[in-house]
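Residue numbers (the working numbering): 25 to 888. C-beta atoms are modelled at their ideal positions from N, C-alpha and C, and glycine is treated no differently. Report on the following structure.
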């Protein structure tokens, strides 16, 4: 029965011979048809996928093998030119089409691998990847196409056979890939026979080892041995290789040049059945990895700048040193070194010079210590020495002395000459039997003790000092927390012109609003942070708060000038000018001319050139300056001339005692004279009584502040205080005496002494343990006031009736005072208190009389 793919219903079915029935003899027609059907059936029975095209490229045969290979049923393609759909996703000619259409010159366009056989039949062969859309997978087919011609040579059909070469092609690809991997692998590969004779090596092997392929064929890998691994190493390697069929590890081998190199080696045994046929070794040169690892270890264990051991390696060596000391019953000195004032080197010459300087320091330290000792750098200008093998603490003195002397010698870096000293903290193990971290901490604490003791020295750790430092650290941390939690407040103390009664400004004074202890004055916490970075943070906080308060006062229509105290550490900070400018810019509504910075005289003179430059830079912004506590420093005329500060501030220690101490009074008079000579303003702090103010006015100092004027107050109370302020009546009385001619200085001093005399008697009654010995108690002429009254007072005021009134009251005061002391001695405290009230009333009377006395004398002088 004919195959269904045969087009029997075609009125003119194509024939293999190309001849129609009409043209054939009747006897031959039956034979031809039978022959065609036989040929077609023969093609169908072939196991080789085959299809046949007629001269018009229509499919006339599509055998069963072709159906199986392509997934295209014969019924869907017989009689059509759609056979390409079995192989490709887009229309394109098959090899049979090119043969049938005699387009063999185009075969290059469609087939990379092809061949035209050199015979007259124009047979063609080609290979190609076909997408096989009906199967959904690619296949690599070998194609053969041959024409069928009639007796006249006319083309009547083309037969194309297909061979599936996919598996072979993939195998070839895998082999090429393996060969490429072998040759181009970055790992060296060596293949040996079971006797370890080398059969082949790749390019990486020759590049790494320096041996060519020809040099190593037939040799064994032993020609690479470095002798760094002993025989036991190789015995273990072969034992594991025989037991497991593989081995891997790190090996040092030798190149042809003799250079040693490390490699990671993997060896695998290739077996067929139970018999090993080959060994394959793959290795990777890890020289770069080793070098990188060494660099990383150096970075991890050594300081990148100086090459000294860092904190990590120090910790390891410290553990070893402690263990050895314990084993051999010896001492280890842990020494913490910090350069004195190294920051100034960086600030003045830059960090590059500072780095070179640290390198030189490291070299000197290395040249000073012994071979078994260690010097490490922790960072910055901090170093640690481990001095081992000590039998007695006294051995340490000579070593530390050499170190101090070595560092103290001048350094020459190019054109720059530098000199520093070093402070060293020391603790000795096992006398200090602590863990390594604690030992370092104790040495660090001792170093701070050395700095506080004057620097350029060493200090050995002791528990008492450690506890003190611990307390200080805790205090610093508590102060830092106070700043972070907003516990600080600014109070403001008025500064006034005593002669005019004008309020000329306020001094901002910091207070700590402690949640448990209430208001803490600055002297209880500022000295603790004077030399720490925290003083800068608090200083900037004060500037911000003061400017904010000034902004509020100005918005309320009452701008007030404010002075702010700046610590030496803060003022000498490298960014002080820039930070001040930034802070002022944050308060654009406050005129910089209203801000005055107070700096200590001693701080200003520490580096006159630097301070002068900073002051000048700030003054360009409009800020003014006052030298605080003037008179307590050098007070050099040369320095005073160089410093551009506008105001001198007389220290309160002189003002407070000026009525009792003639030397203090002379100092004040001298400071006021200097201010006049250098055309600077002068203000006195510590004015506690009207008499203080009178004497200051007498010497030409009209500006003052102190408890006698007002105690410091919160900012919200300042406007009301300014409204209510009135100067003391005594100041007002002598306000117009510009030269102080009418002020009786001896009287003021005697009067003040008398007031104190009365106060001592009253306090003696209220305080049981007070000293009751008061000289000249029974002799009104023997006290300081009595001496004035009977001598200078009588000469100046004896003609006035008020003079006699004062004398009578003065005598009464002495008499009542003696009675008070007598009652106190007899234990009659109640009666003594009653007499004290009478004594205080007499004091008030005498002060009033003295005031009238001076007014009468002034009136008489004006009349003249």
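- Annotated three-state conformation of residue 809 is helix, per DSSP.
- Taking 9 Å as the cut-off, the Cβ atoms of residue 363 and residue 454 do not count as close.
- Between the stretch 191-209 and the stretch 85-98, the count of C-beta pairs closer than 8 Å stays below three; the two stretches do not touch.
- Residue 449 places its beta carbon 9 Å or farther from that of residue 430.
- With respect to residue 531, residue 508 sits apart: the two C-beta atoms are not nearer than 9 Å.
- Of the candidates 841, 649, 244, 244 places its Cα closest to the Cα of residue 305.
- Around the beta-carbon of residue 375, fewer than 16 other beta-carbon atoms lie within 10 Å, marking it exposed.
- Per DSSP, the unbroken beta strand (DSSP E) holding residue 531 starts and ends at 526-538.
- The stretch 343-355 and the stretch 245-258 do not touch, with fewer than 3 CB-CB distances between them shorter than 8 Å.
- A residue is called buried once 16 or more other Cβ atoms fall within 10 Å of its Cβ, and residue 791, having fewer, is exposed.
- Distances from the CA of residue 75 to each of 680, 546, 168 were compared; the closest alpha carbon is that of 168.
- DSSP lists 179 as the beta-bridge partner residues of residue 173.
- Residue 153 is bridged by DSSP to 164.
- If you check the CB distance, residue 83 and residue 64 do not come in under 9 Å.
- Taking the C-beta atoms as reference points, residue 535 is found nearer than 9 Å to residue 546.
- Judged by DSSP secondary structure, residue 273 falls within the beta strand (DSSP E) whose first and last residues are 270-278.
- Distance from the CA of residue 111 to the CA of residue 89, rounded to the nearest whole angstrom, comes to 14 Å.
- Looking from the CA of residue 646, the closest CA among 601, 679, 682 belongs to 601.
- Spanning the alpha carbons of residue 66 and residue 222 requires a straight line of approximately 56 Å.
- DSSP places residue 314 within a helical segment (H, G or I) once states are collapsed to three.
- In this structure residue 649 is buried. Its beta-carbon is surrounded by 16 or more other beta-carbon atoms within 10 angstroms.
- DSSP, read as helix, strand or coil, puts residue 203 in helix.
- In the three-state reduction of the DSSP assignment, residue 517 falls in the strand class, which pools E and B.
- By a beta-carbon distance limit of 8 Å, residue 622 contacts residue 589. Their separation comes to about 5 Å.
- Note on geometry: alpha-carbon atoms of residue 579 and residue 613 lie some 9 Å from one another.
- Here residue 181 is near residue 79, since their CB atoms are less than 9 Å apart.
- Non-local C-beta neighbours of residue 814 in its own chain, meaning closer than 7 Å and more than five positions away in sequence, comprise 805, ordered along the chain.
- Using a 10 angstroms sphere on the CB of residue 409, the tally of other CB atoms reaches 16 or more, which defines it as buried.
- Here DSSP, grouped into helix, strand and coil, assigns residue 96 to coil.
- The beta carbons of residue 287 and residue 309 sit closer together than 9 Å.
- Judged by pairs of C-beta atoms under 8 Å, the stretch 470-479 does not touch the stretch 521-531, as fewer than three such pairs exist.
- Annotation for residue 837: the continuous alpha helix (DSSP H) segment containing it runs 825-849.
- For residue 828, the closest of 841, 874, 843 by C-alpha to C-alpha distance is 874.
- Of all alpha-carbon atoms in 183, 155, 479, 159, the one lying nearest the alpha-carbon of residue 149 is that of 183.
- The Cβ-Cβ distance between residue 739 and residue 537 does not fall below 9 Å.
- Under the three-state reduction of DSSP, residue 728 is assigned to strand.
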